[in-house]
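I have placed the structure first, in the form of structure tokens, so that the comments after it can refer back to it.
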Amino acid sequence: MGNQRHFRVWRGDTDGGDLVDFDVEVNEGEVVLDVIHRLQATQTPDLAVRWNCKAGKCGSCSAEINGRPRLLCMTRMSTLPPQLPVTVTPMRTFPVIRDLVTDVSYNYRKAREVRSFMPPKGVEPGEYRMQQVDVERSQEFRKCIECFLCQNTCHVIRDHEENKENFSGPRFLMRIAELDMHPLDAADEEGVDRKRAAQDEHGLGLCNITKC
Numbered sequence: 001m002g003n004q005r006h007f008r009v010w011r012g013d014t015d016g017g018d019l020v021d022f023d024v025e026v027n028e029g030e031v032v033l034d035v036i037h038r039l040q041a042t043q044t045p046d047l048a049v050r051w052n053c054k055a056g057k058c059g060s061c062s063a064e065i066n067g068r069p070r071l072l073c074m075t076r077m078s079t080l081p082p083q084l085p086v087t088v089t090p091m092r093t094f095p096v097i098r099d100l101v102t103d104v105s106y107n108y109r110k111a112r113e114v115r116s117f118m119p120p121k122g123v124e125p126g127e128y129r130m131q132q133v134d135v136e137r138s139q140e141f142r143k144c145i146e147c148f149l150c151q152n153t154c155h156v157i158r159d160h161e162e163n164k165e166n167f168s169g170p171r172f173l174m175r176i177a178e179l180d181m182h183p184l185d186a187a188d189e190e191g192v193d194r195k196r197a198a199q200d201e202h203g204l205g206l207c208n209i210t211k212c
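Set out below in structure tokens:
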């Protein structure tokens, strides 16, 4: 048997919106996304929310829960204070499309600006050789699921719209670092200095490390 929890969910679109109050049943072991789905099924069928895997793998269900950027599918209800309402709002850094769905196309534009992996010339497929230490060096960077919560948290773009044109944000600075550490990336042979590109093309100098 579940218990009743009070939810405040942002409803609106590009023209604006506000928090709407709901009382909804919550069962043991559920995550916030479960409760949002129950709201859709029982009280507000037109509530818009983006989700896919419900396993913390796809990064689709990013939002803000009680003011903190989180994945809806990875935030257990048991971790939220039972005596307080649960507030769910869209990511603040990006334009709202509708309800909890935001327009994250800024990130895809920035992704296209990062020069892709450049394999060394004269090395045929199957001839690549990498040491395990090289694999492990950049492994953490490749775990990104592109939920864009780091982009949403970064105050350089969250609080300064004017920076979005010149600053790629932490997700894509990490992508540049991953490529720079790749033992087979031959960008330098093509005249591409990834470290210099991070500074000159992707706004690394705008980063205030530790303020996030």
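At position 11 of the sequence shown (counting the first as 1) the number is 11 in the working numbering, and the numbers step up by one without a gap.
Ideal Cβ positions, reconstructed from N, Cα and C, are used throughout, including at glycine.
Verify whether the separation of the beta carbon atoms of M74 and V26 is less than 8 Å.
no
Please report the distance separating the alpha-carbon of Q199 from that of L179.
15 Å
Return the chain-ordered list of same chain residues with a C-beta closer than 8 Å to the C-beta of C53, the five sequence neighbours on each side being excluded.
S60, C73
Residues bridged to T87 (per DSSP)
R8
Does the beta-carbon distance from A186 to R115 come in below 8 Å?
no
Going by the beta-carbon positions, is the gap between F167 and I157 smaller than 8 Å?
yes
What does E25 pair with, by DSSP beta-bridge criteria?
Q4
Would you call the region 2-14 in contact with the region 79-87, where contact means no fewer than 3 C-beta pairs closer than 8 Å?
yes
Exposed unless 16 or more other CB atoms sit within 10 angstroms - verdict on V123:
exposed
V35 classed as buried or exposed, judged by whether at least 16 other C-beta atoms fall within 10 angstroms
buried
Three-state secondary structure (DSSP) of V135:
helix
For G169, does the count of other Cβ atoms within 10 angstroms reach 16, so buried, or fall short, so exposed?
buried
Cross-strand partners of R76 (DSSP beta bridge):
V31
I want to check one thing, is the minimum distance from the CB of I97 to the heavy atoms of the ligand SAM below 7 Å?
Ligands in the displayed structure: none, and consequently the ligand SAM is not present.
Alpha-carbon spacing of G29 relative to P125, whole angstroms
47 Å
Closest Cα partner of K57 within the set N163, S105, K143:
K143
Under three-state DSSP, which class holds A63?
strand
V49: which of T14, R98, N66, G16 sits nearest, CA to CA?
R98
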